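**Q** Residue numbers (my numbering): 15 to 361.
Where a beta carbon is used, it is the ideal one built from N, C-alpha and C, also for glycine.
Please read these numbers as outputs of a predicted model, since none were measured by experiment.
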């Protein structure tokens, strides 16, 4: 039983007065308790909020990482830090699709432009897209004439400085391409590629075309090259525009033989820069898949007259430009410490 129930009426007024006075004397304690309770509630709320934030923190970190990865990826695919693959094809659709599948996985690839020289034949757009999605867009450019120099157009879809040009029967490893691209970034005014060739001057002043089997008089037995073929190379997109502005005789020469556009590009670049036209990068893993094509279209280099035509082209270009701009180089760049780097490549 509480104390209030046993207090007499006589003392009731005195008790109430005493209680009121007691409460009046301790206002700070009561207010202090209330403030303390309020503070405890605030602290509990803050702890709950902090706990919730701690739980969410890993997700925030993950979001930041994902954003960072996206930024790195987008930077990697920017026009300055990526390249466009240009591949011209004729009657090798089976090989083309295989190669496109391979090159899709190469880092720093921004876009693929396929120069479709199968005149009157529908491009494989639907088939390619039906087997997607693909990480890199592929654009099929249908041509009206089957010309070798179609691949040297100024393509409006080309957004990168770097062009990777590859023949439609050539398979180059991703490691080789990434390395060669890094080399090209150091030599952006030259062709950086995997297939070197040379010209040889004779005493009569006539030039011959060939590979390392030809020895240049006056250079002893040392290997030299004066051209890097564009069918497996990186070069600056500005040279496509420069090619289009060459004398009509240059374009006519290429159209006459459906050959020599790569020799012409070496002439143009050497003449423009005053330097060697190209830098040779030794490939680790590169091969020719021509024999695996169902199309049965043999490469032009198999023709008996191929090397004769190319020798003729060199002499004709010297006549057109009234000079021999090609310079010799003995520089070969290879990947330091790369496994199998000493293996013989299939050039």
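Could you have a look at residue 248 and say whether DSSP puts it in helix, strand or coil?
**A** It is a strand residue.
**Q** Taking the straight line between their C-alpha atoms, what separation do you get for residue 201 and residue 191?
**A** In a straight line, the C-alpha of residue 201 is about 15 angstroms away from that of residue 191.
**Q** Since residue 148 is in the beta strand (DSSP E), which residue starts that stretch and which ends it?
**A** Unbroken run through residue 148: none, as it is neither H nor E.
**Q** Thinking C-alpha only, which one of 240, 167 and 118 is nearest residue 149?
**A** Comparing Cα positions, the closest option is 118.
**Q** If we count the other Cβ atoms within 10 Å of its Cβ and call it buried at 16 or more, is residue 268 buried or exposed?
**A** Buried: at least 16 other Cβ atoms inside 10 Å.
**Q** Over what stretch of residues does the beta strand (DSSP E) that includes residue 125 continue unbroken?
**A** Where residue 125 is concerned, the enclosing beta strand (DSSP E) stretches over 123-130.
**Q** Quick check on residue 220: does DSSP put it in helix, strand or coil?
**A** Residue state, collapsed to three classes: coil.
**Q** Determine the contact status of residue 244 and residue 205, defining contact as a CB-CB distance below 9 angstroms.
**A** The answer is yes: Cβ separation under 9 angstroms.
**Q** Rounded C-beta distance between residue 178 and residue 248? I'm assuming under 8 angstroms.
**A** That pair is a contact at about 5 angstroms.
**Q** How many whole angstroms separate the CB atoms of residue 144 and residue 124, which I take to be in contact at a CB cut-off of 8 angstroms?
**A** Actually they do not touch by this definition, with Cβ atoms about 23 angstroms apart.
**Q** Give every residue of the same chain whose Cβ lies closer than 6 angstroms to the Cβ of residue 215, excluding the five residues on either side of it in the sequence, and list them in chain order.
**A** Hits under 6 angstroms: 221.
**Q** Assign residue 195 to one of three DSSP states: helix, strand, or coil.
**A** DSSP places residue 195 in helix when its eight states are reduced to three.
**Q** Kindly indicate which three-state DSSP category residue 97 falls into: helix, strand or coil?
**A** Here residue 97 sits in strand by DSSP.
**Q** Would you check if the segment 278-298 and the segment 249-266 touch, i.e. whether three or more CB-CB distances between them fall below 8 angstroms?
**A** Yes, since at least three Cβ pairs between the segment 249-266 and the segment 278-298 fall closer than 8 angstroms, the two stretches touch.
**Q** What would DSSP say about residue 78, mapped onto helix, strand or coil?
**A** Only weak support is given to the placement of residue 78: the predicted model assigns it a pLDDT of 43, under 50, and the question is left unresolved by the model.
**Q** Going by CA-CA distance only, name the one from 239, 207 and 298 that's closest to residue 180.
**A** Residue 207 is the option with its Cα nearest to residue 180.
**Q** Over what stretch of residues does the beta strand (DSSP E) that includes residue 206 continue unbroken?
**A** Per DSSP, residue 206 belongs to the beta strand (DSSP E) from 205-207.
**Q** To the nearest angstrom, how far is it from the Cα of residue 302 to the Cα of residue 286?
**A** C-alpha separation (whole angstroms): 31 angstroms.
**Q** The ligand MN and residue 261: does the residue's C-beta get closer than 8 angstroms to at least one heavy atom of that ligand?
**A** Here there are no bound small molecules, and the ligand MN is not part of this structure.
**Q** When DSSP labels each residue in this structure, what does residue 112 get in the three-state scheme?
**A** Three-state result, residue 112: helix.
**Q** Do the CB positions of residue 321 and residue 223 come within less than 9 angstroms of each other?
**A** Going by C-beta atoms, residue 321 is nearer than 9 angstroms to residue 223.
**Q** Tell me the rounded alpha-carbon separation between residue 339 and residue 146.
**A** The straight-line gap from Cα to Cα measures roughly 46 angstroms.
**Q** Only counting the same chain, and skipping five residues up and downstream in sequence, which positions put a Cβ closer than 8 angstroms to that of residue 225?
**A** Hits under 8 angstroms: 210, 211 and 212.
**Q** Just tell me which of 110, 334, 127 and 290 has its CA closest to the CA of residue 151.
**A** Looking at the Cα atoms, 127 is the closest of the given residues.
**Q** CB residue 104 to CB residue 182, shorter than 9 angstroms?
**A** Yes, the pair counts as a contact, with Cβ atoms nearer than the cut-off.
**Q** Is DSSP giving residue 22 helix, strand or coil here?
**A** For residue 22, the predicted model reports a pLDDT of 40, less than 50, meaning its position is unreliable and no value from the coordinates is stated.
**Q** Can you tell me which of 218, 342 and 174 puts its alpha carbon nearest to the alpha carbon of residue 94?
**A** Comparing Cα positions, the closest option is 174.
**Q** Where do the N-terminal and C-terminal ends of the beta strand (DSSP E) with residue 212 fall, by residue?
**A** Its beta strand (DSSP E) spans residues 210-215.
**Q** If we ignore side chains and look at the alpha-carbon of each, how far apart do residue 153 and residue 139 end up?
**A** Going by the C-alpha atoms only, they are around 8 angstroms apart.
**Q** With distance defined between alpha-carbon atoms, name the residue in 282, 273 and 241 nearest to residue 258.
**A** Comparing Cα positions, the closest option is 282.
**Q** Taking the continuous beta strand (DSSP E) assigned at residue 341, which residues delimit it?
**A** No beta strand (DSSP E) holds residue 341; DSSP gives it neither H nor E.
**Q** Within this structure, are the beta carbons of residue 133 and residue 158 separated by less than 9 angstroms?
**A** Closer than 9 angstroms, so yes.
**Q** Return helix, strand or coil for residue 305, following the three-state DSSP convention.
**A** Residue 305: helix per DSSP, three-state reduction.
**Q** Start and end of the beta strand (DSSP E) containing residue 294?
**A** It spans 292-295 - the beta strand (DSSP E) in which residue 294 sits, taken as one unbroken run.
**Q** Can you give the Cα-Cα distance for residue 324 and residue 273, rounded to whole angstroms?
**A** Taking the straight line from one Cα to the other gives about 7 angstroms.
**Q** Check whether the Cβ atoms of residue 341 and residue 296 lie closer than 9 angstroms to each other.
**A** No, the pair does not count as a contact, with Cβ atoms beyond the cut-off.
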